[in-house]
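*Asks:* In the working numbering, the protein residues as written are 14 to 277.
Starting off with a structure, shown below.
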Amino acid sequence: MKRFLMCEPNFFEVCYVINPWMEGNLGKVNSELAQRQWKNLHGIVSGLASVSLIEPVAGLPDMVFTANAGLVKNKEVIVSSFRHTERQPEAKYFESFFSSLGYRVRHLKEQTIFEGAGDALLDSQGRLWFGSGIRSVSHALDEIVEVFDVEACGLELTDPHWYHLDTAFCPLPQGRAIAYKKAFAEKSVAALDHAFGEDIIWVSDEDAENFACNAISIGRNAILHRASAELKSALEQRGLEVIEADVSEFLKAGGACKCLTLEI
Ligand code: ARG
14 MKRFLMCEPN
24 FFEVCYVINP
34 WMEGNLGKVN
44 SELAQRQWKN
54 LHGIVSGLAS
64 VSLIEPVAGL
74 PDMVFTANAG
84 LVKNKEVIVS
94 SFRHTERQPE
104 AKYFESFFSS
114 LGYRVRHLKE
124 QTIFEGAGDA
134 LLDSQGRLWF
144 GSGIRSVSHA
154 LDEIVEVFDV
164 EACGLELTDP
174 HWYHLDTAFC
184 PLPQGRAIAY
194 KKAFAEKSVA
204 ALDHAFGEDI
214 IWVSDEDAEN
224 FACNAISIGR
234 NAILHRASAE
244 LKSALEQRGL
254 EVIEADVSEF
264 LKAGGACKCL
274 TLEI
């Protein structure tokens, strides 16, 4: 059974701007609705996997996005080193959480910006896909490969709206994936096409803007904020079941379902 880490949105709000989605949303989060949406997502994930919780911390509103805690492989974790000062204090809380669970905690070099599973995603073949250019730096990948002995492929993100790889790419079971072309440099689109061939579904602008690529993949289920009829049928034809979980309040901070979880 898969296991995920989540963090209750007790202190979630938009009170600074570090990505384009947050612009115009300062102070606009409906906290009660955010709580309900998070509980609904938590219920869905708990029904399919086990969920651990980290205690939320006042003053760290983005801590709900546990995907950015680090990159986990077996019982080891490379903890993140956030680009923005607003999120940097989260790292120590995530680090002590992992230590308390007996994970071996690893770090990249001191100056290496790395935002965890927001930018580093393992596919069903055990290959690591790494997105850089907006948040994580590209040379973080060399350091990750030194720590975790994995086959890896770097992708270049070019549009600040798709600032983390998990906003525009999601590996699915059986060598499949969904992704959004406009998030990537041309050579990265070519790399994805080459690696996945027929098995990659390129999503529309509308699906991308509804954070459809920010999906949690558990067995045959893909849990996401919203998908068009077209995307649903493309996924269903491939034997996947789409579960929609409305996380509109979290979209105001630039995150959706997958960002709110970390597979541990
Ligand atoms: N406001 C957060 C940030 O800009 C959202 C993080 C979303 N996380 C993710 N894995 N895409 O850092």
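Just so you know, even glycine gets a beta-carbon here, dropped at the ideal spot from N, CA and C.
Do the region 40-53 and the region 89-105 make contact, defined as three or more Cβ pairs closer than 8 Å?
*Replies:* Touching, no.
*Asks:* Along the chain, where does the alpha helix (DSSP H) that runs through N53 open and close?
*Replies:* First-last of the alpha helix (DSSP H) with N53: S44 to L61.
*Asks:* For P184, list the residues DSSP reports as bridge partners.
*Replies:* P184 is bridged to A190.
*Asks:* Apply the 10 Å Cβ neighbour rule to G210 and answer buried if 16 or more other Cβ atoms are within range, or exposed otherwise.
*Replies:* It counts as exposed.
*Asks:* A165 lies in the beta strand (DSSP E); which residues open and close that run?
*Replies:* Here the beta strand (DSSP E) through A165 covers A165 to E169.
*Asks:* Helix, strand or coil, according to DSSP, for E93 in the structure here?
*Replies:* Looking at the sequence shown, residue 93 is not Glu but Ser. S93: coil per DSSP, three-state reduction.
*Asks:* Ends of the beta strand (DSSP E) at F107?
*Replies:* Segment E103 to S113 is the alpha helix (DSSP H) holding F107; no beta strand (DSSP E) there.
*Asks:* Helix, strand or coil: how does DSSP classify G210 here?
*Replies:* Helix at G210.
*Asks:* Output the distance between the C-alpha atoms of F17 and V118, rounded to the nearest integer angstrom.
*Replies:* Looking at the two C-alpha atoms, the distance is approximately 17 Å.
*Asks:* So is the beta-carbon of G131 under 7 Å away from any non-hydrogen atom of ligand 1?
*Replies:* Yes, the Cβ of G131 comes within 7 Å of a heavy atom of ligand 1.
*Asks:* Would the region 133-143 count as touching the region 152-162 if we require 3 or more Cβ pairs under 8 Å?
*Replies:* Verdict: yes, contact present.
*Asks:* Note down the Cα distance separating K122 from E249, rounded to an integer number of angstroms.
*Replies:* Those two C-alpha atoms are separated by around 43 Å.
*Asks:* Excluding the 5 residues preceding and the 5 following A130 in the sequence, name in chain order all residues of the same chain whose CB lies nearer than 8 Å to its CB.
*Replies:* Cβ within range, chain order: A80, N81, A82, G83, L84, V85, D179, L275 and E276.
*Asks:* Report yes or no: do three or more beta-carbon pairs, one from the region 213-233 and one from the region 168-184, lie closer than 8 Å?
*Replies:* As far as the Cβ criterion goes, the region 213-233 touches the region 168-184, which means the pair count is three or higher.
*Asks:* Can you name the residues that DSSP bridges to W142?
*Replies:* W142 is bridged to L134 and C166.
*Asks:* Mind the definition here: the region 260-276 touches the region 226-242 only if three or more C-beta pairs lie below 8 Å; say whether that holds.
*Replies:* The region 260-276 vs the region 226-242: in contact.
*Asks:* When DSSP labels each residue in this structure, what does I229 get in the three-state scheme?
*Replies:* If DSSP states are grouped into helix, strand and coil, I229 belongs with the strands.
*Asks:* Buried or exposed for E103, please, with buried defined as at least 16 other CB atoms from any protein chain shown within 10 angstroms of its CB.
*Replies:* Buried, by the Cβ-count rule.
*Asks:* Taking its Cβ as the centre, do 16 or more other Cβ atoms sit within 10 Å of S149, making it buried, or is it exposed?
*Replies:* Its Cβ being crowded by 16 or more others within 10 Å, S149 is buried.
*Asks:* Alpha carbon to alpha carbon, what distance is there between E254 and P186?
*Replies:* Whole-angstrom Cα-Cα distance: 12 Å.
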